[in-house]
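Data block below; observations after.
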Amino acid sequence: MDALNNLALGFSVAFDPMNLLYVFIGVVVGTAIGVLPGLGPTATIALLLPVTLTLDPTAAVILLAGIYYGSMYGGTITSVLLRLPGEAASVVTTFDGYQMARQGRAGPALGISAIGSFVGGTVSVIGLVLLAPVLADAALAFGPPAFVALMVLGLFLVTSLGTGSTIKALCMAAVGLLLSAIGQDLVTGKPRFTFGQTSLFDGLDFVAVSMGLFGVGEILYNLEQTEKVQAFTSKIKNIWPSRKDLKDSSGAIARGSVLGFFIGILPGGGGVLSSLASYAMEKRRAKDPSRFGHGAIEGVAGPETANNASSTSGFIPLLVLGIPSNVVLALLFGALLVHGITPGPQMMTNHPEVFWGVIASMFIGNLMLLALNIPLVGFFVQMLRIRAGILVTFAVLVVMVGVFSISNDVFDMWVVLVFGIIGWIMKKTGFDPGPLVLAFVLGPILESSVRQSLLLSGGSFTIFVTDPISLTIFIALGAGVILGFVGRGRRRLVANKQEKVAAE
Amino acid sequence: MFTNRARSQWPRVIPIILLLVGVAAMIGAYQLSLGQLNQPGAGLWPFIVGAFLTLTAAVLFFVQDPSECEQWNRRALGIVAGLASLGLFIVLFQMIGFLIPAFLMLALWLKTFGEEPWRLAVPLAVAGAVVMHFLFVVALGVPFPKDIVVTLFSALGV
Amino acid sequence: MNKKIARTAGVFASVGIMSAAVVGCGNTAGAQSGAGYPSEKIRFIIPYAAGGPTDVTARALAPCLGKELGQSVVAENVAGGSGALGMQKLISSKADGYTVAIVSTGMTVLTPLVNGLDYSKEDITPIGVISHVPMNLVVGKDSPYKDAKAFIAAAKANPGKLNVGVSGASTPQAIELQRLEEQYGVDITVVPFDGSAGATTALLGGHADAAFINDAPEVSDRIEDGSFKALAVSSEERQKHLPDTPTLVELGYPDLTLAVTTYALAGPAGLPEEATSKLAGSLETCLKDSKTVEIIGERFVPEKFDDAETLKGILDEGATVYKTMLKK
Chain Z
1416 MDALNNLALG FSVAFDPMNL LYVFIGVVVG TAIGVLPGLG PTATIALLLP VTLTLDPTAA
1476 VILLAGIYYG SMYGGTITSV LLRLPGEAAS VVTTFDGYQM ARQGRAGPAL GISAIGSFVG
1536 GTVSVIGLVL LAPVLADAAL AFGPPAFVAL MVLGLFLVTS LGTGSTIKAL CMAAVGLLLS
1596 AIGQDLVTGK PRFTFGQTSL FDGLDFVAVS MGLFGVGEIL YNLEQTEKVQ AFTSKIKNIW
1656 PSRKDLKDSS GAIARGSVLG FFIGILPGGG GVLSSLASYA MEKRRAKDPS RFGHGAIEGV
1716 AGPETANNAS STSGFIPLLV LGIPSNVVLA LLFGALLVHG ITPGPQMMTN HPEVFWGVIA
1776 SMFIGNLMLL ALNIPLVGFF VQMLRIRAGI LVTFAVLVVM VGVFSISNDV FDMWVVLVFG
1836 IIGWIMKKTG FDPGPLVLAF VLGPILESSV RQSLLLSGGS FTIFVTDPIS LTIFIALGAG
1896 VILGFVGRGR RRLVANKQEK VAAE
Chain C
40 MFTNRARSQW PRVIPIILLL VGVAAMIGAY QLSLGQLNQP GAGLWPFIVG AFLTLTAAVL
100 FFVQDPSECE QWNRRALGIV AGLASLGLFI VLFQMIGFLI PAFLMLALWL KTFGEEPWRL
160 AVPLAVAGAV VMHFLFVVAL GVPFPKDIVV TLFSALGV
Chain U
96 MNKKIARTAG VFASVGIMSA AVVGCGNTAG AQSGAGYPSE KIRFIIPYAA GGPTDVTARA
156 LAPCLGKELG QSVVAENVAG GSGALGMQKL ISSKADGYTV AIVSTGMTVL TPLVNGLDYS
216 KEDITPIGVI SHVPMNLVVG KDSPYKDAKA FIAAAKANPG KLNVGVSGAS TPQAIELQRL
276 EEQYGVDITV VPFDGSAGAT TALLGGHADA AFINDAPEVS DRIEDGSFKA LAVSSEERQK
336 HLPDTPTLVE LGYPDLTLAV TTYALAGPAG LPEEATSKLA GSLETCLKDS KTVEIIGERF
396 VPEKFDDAET LKGILDEGAT VYKTMLKK
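Those protein sequences? They're chains Z, C and U, same order as listed. One point on numbering: in the working numbering, the residue at position 377 of the first sequence is 1792, and numbering is uninterrupted. One point on numbering: in the working numbering, the residue at position 130 of the second sequence is 169, and numbering is uninterrupted. One point on numbering: in the working numbering, the residue at position 10 of the third sequence is 105, and numbering is uninterrupted.
Dropping the structure here:
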């Protein structure tokens, strides 16, 4: 079989001792970077890219890819422990992960994430080997109108997150969309709401906004309520996921793997959507959806798995079509170009050792990450025993410096500070930052796809009906909304009854 | 703000602020030119979003449940002081580099929010500032603003 | 408790050491070596993020420049505002030859005009051209348009119906297509995508009729394997690897030659003569270095070195055209 021969070649490359070392360094640095709030994979790979120029191309890409998926593991840790999501996909993890940590179940949350990420990553690598060329072409069918439909779907999913009321979520989503409109207009190039600030031309940085709203906002809130900080750190129930935890999340992990794999292939912005979709799916399937947002383990397992699966399958458009679907993959694209290798249809034939070597290294890398992360869970959980004041102080400083390193701009530090204040006030007034931050991510893709669609169709909205994918998604969405209303009405009745009982 | 009446009413301020932001966004977007559907202008999308925000904020004003909100207390003033110190950190960071502002910020926060004694706060702050300097500047090569401490040391030939 | 603090510190320290092991020491300051320029390390600003074409070109050049000048040339990405942040950083640094940048016509001339920024080409000292990257007008392999003539005829017959993807709004190539419409009455709809990759995706998926994108290796690969067809190139002369593809000039649009990304080396305004000539000399030598040229792209590097004067001419022409275009 061809795939097997190729894979054998890949493994012979990946098992080269030097390459093994680079996989290892990659995943270790990735994990470490993911743990440092503010310093995400984008900043790190950008910083390390020049160094890899001295390596041979396979080693360079193996190393950088290792950092990328390693940081996906690492990013979970801060989301769970400190509610500091360093990238869009882990925003979803904060909902139940952080709640689990507050209930003393940080260990199981981190453990199940590591296991889920491993499964998701591995499933995705297998899918990559077997299905890459077929799927890459299929993904191209997703044009601007299909993306509009996907983003609208994403926004609907956003409002189903968290525990607050729907109207509050909608309101915050509107704020997020508005904030994402800041910066240069994609189509006309006009600066919008930039108030003459050059730093605002590219818009607000996601990491700065999310670190401010979630992390700093949460820290400020906790500082205001001293007693809670103390209570939070004292109890750590168990470090490993129990058998029940594993059983509860196995379905979520299986579904997350498949969902993440397919969403990740779409050119442009799979990551957030995959974790969002997985969360929404788990919440919908659950017998008691009200547990979500209060520490449901499936709400951590599913999205984390989907996130990792999609970050691996994101390599399909890069390696097969030469299309980087996110910023990190764009950096890897550049790294390959510098080495004289053009990612794209000819890469498989011209540089099979790089292509299959990188894929095989991902197998090994995921295994290493699992081996690395399981013992580390215990270690990171111990971090919660550090006195809150010390932990929080250092976290704030690392966040500040981390966001500076995104584009070496002091402006981003002010952004963190301002959004920290907003996040604090939101927390006090019962608003969830999740919908805001996720709408902030989806907004620009939605806007540009809408405008591209309208340009393509000459201003006619029929394009959303004539495009088969967009039509399918919109129909499904419509059906979902109607069913959702019916379901919610029923659930509310039940909930009201329960509340009455509980009140007595 | 601390009178009784204001206490129960203050959360109502939030939808009003959001409403004003929405209206301001619509006005700003209108000035950016809305264009037409086959030739959408820069302002069309922000205008739609602004309208959406205005609408949701208006609904929120009437349905908001003030009991979800927490009251202000004296400790909030401490938080404001903490925020001011962070602002000062950013300003100083830009002027004199990382090490001194980082030390000051760490020491202050450890002492006030962490309620650690000085004999622990000061060494921790020194260690934290130095370790982070090495991590970000030396290891990762992040170009921090020129640091007066580093300049001083290199001038002394250390 | 102290033990735990020590442990946390340990995490931070070990992360530092691990990263240091990977990074090595890129920041060793150049030793003071005798008099004259350059006597210390040179900062090389790249106004775009790592990994993009600007970055690739600059990174390819930096080591050779360093070797020629006898000082390390430290590349630094200052991304943001379509190159504006990096440009402003360059302009605000001391004009002593220790800060240079890779610049393009877009960021020097177009960006300040579009965004109403208060810098212009007068704020930099041009040193020399690194490369000229032309644009290709390409269609998919199943496109009904066999050549440029057929495409343009179709565009004229159905005004506004043909969609051409470009890598972004307010890029030189988008403006060039606008000029095609305004000066020559070829009414096509320009659809800006997110970078060349976005435009390529749209063309491959059949969502756009054509794309007007950089002649980057990933595009020429596709032309070679037949999945794209090149209808026209934007350079003044035909491209060596596409001998059968006419230029826009040949097709009857003599002044549509601005859709070429020119990468150049520049310093802040008022660079001392010694520094300028030394940098220009090193650049000229480096553009003959086979390893450097291979990464930048052999066909993009001009055969004869384009000096500061030529570069100035290119920037002036761009400025004139863009000013009149954007006034409308």
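Glycine included, each C-beta is placed from N, C-alpha and C at the ideal position. Source: prediction; values computed, not measured.
Sixteen is the threshold: when 16 or more other Cβ atoms of the shown chains lie within 10 Å of the Cβ of residue 84 of chain C, as they do, the residue is buried. For residue 1843 of chain Z, the number of other beta carbons within 10 angstroms of its own is at least 16, and it is reported as buried. Proximity of residue 1880 of chain Z to chain C, defined by a Cβ-Cβ separation below 8 Å, is not satisfied. Here residue 287 of chain U carries a strand assignment [DSSP, helix/strand/coil]. Taking a C-beta cut-off of 9 Å against chain Z, the contacting residues of the segment 280-304 of chain U are 284, 285, 286, 287, 288, 289, 290, 292, 293, 295, 296, 297, 299, 300, 301, 302, 303, listed in chain order. In the DSSP assignment, residue 258 of chain U is bridged to U/284. Across the segment 1608-1635 of chain Z, CB contacts with chain C closer than 8 Å involve 1608, 1635, in sequence order along the chain. Boundaries of the beta strand (DSSP E) around residue 361 of chain U: 355-363.
In the three-state DSSP reduction, residue 1797 of chain Z falls in the helix class (H, G or I). Of all residues in the segment 183-198 of chain U, the ones placed with a Cβ closer than 8 Å to any Cβ belonging to chain Z are 183, in chain order. Note that the C-beta distance between residue 117 of chain C and residue 185 of chain C is not below 8 Å.
Identification of chain Z residues near residue 389 of chain U by a Cβ-Cβ cut-off of 9 Å yields 1755, ordered along the chain. From the beta-carbon of residue 231 of chain U, no residue of chain Z is found nearer than 9 Å; the closest lies around 15 Å away.
Going by beta carbons, residue 260 of chain U and residue 294 of chain U fall inside the 8 Å limit.
Beta-bridge pairing by DSSP links residue 327 of chain U to U/232.
Residue state for residue 74 of chain C is assigned as strand, using DSSP reduced to three classes. For residue 172 of chain U, the secondary structure class from DSSP, reduced to helix, strand or coil, is strand. Rounded to whole angstroms, the Cβ separation of residue 182 of chain C and residue 1823 of chain Z is 5 Å, and the two are in contact under 8 Å. The bridge partners DSSP lists for residue 224 of chain U are U/359. About 5 Å separates the Cβ atoms of residue 1551 of chain Z and residue 1731 of chain Z, confirming a contact at the 8 Å cut-off. Chain-order list of chain Z residues neighbouring residue 133 of chain C: 1825, by C-beta distance under 8 Å. Cβ neighbours of residue 1755 of chain Z within its own chain (closer than 6 Å, five residues either side excluded): none. Interface with chain U (8 Å Cβ-Cβ cutoff): residue 1640 of chain Z is excluded. Going by DSSP, residue 1837 of chain Z is part of the alpha helix (DSSP H) stretching over 1826-1843.
Shown in chain order are the members of the segment 131-159 of chain U whose Cβ falls below 9 Å from a Cβ of chain Z: 144, 145, 146, 147, 148, 150, 151, 154, 155, 157, 158. Under the Cβ distance rule, residue 84 of chain C counts among the residues neighbouring chain Z, one pair being separated by less than 8 Å.
In terms of Cβ geometry, residue 1857 of chain Z and residue 1587 of chain Z do not form a close pair [threshold 8 Å]. Here residue 1448 of chain Z carries a helix assignment [DSSP, helix/strand/coil].
Straight through space, the alpha carbons of residue 1786 of chain Z and residue 1750 of chain Z are spaced by roughly 28 Å. Using a Cβ distance threshold of 8 Å, residue 204 of chain U and residue 421 of chain U do not count as a contacting pair.
The alpha-carbon of residue 368 of chain U is positioned some 15 Å away from that of residue 378 of chain U.
At least one CB of chain Z lies nearer than 8 Å to the CB of residue 98 of chain C. Its Cα nearest to that of residue 87 of chain C, the residue C/62 stands out among C/180, C/191, C/147, C/62.
Separation of the CB atoms of residue 174 of chain C and residue 163 of chain C is rounded to 16 Å, and the pair is thereby denied contact status at 8 Å.
Counting other Cβ atoms within 10 Å of its Cβ, residue 1520 of chain Z reaches 16 or more and is therefore classed as buried.
C-alpha of residue 69 of chain C to C-alpha of residue 59 of chain C: approximately 15 Å in a straight line.
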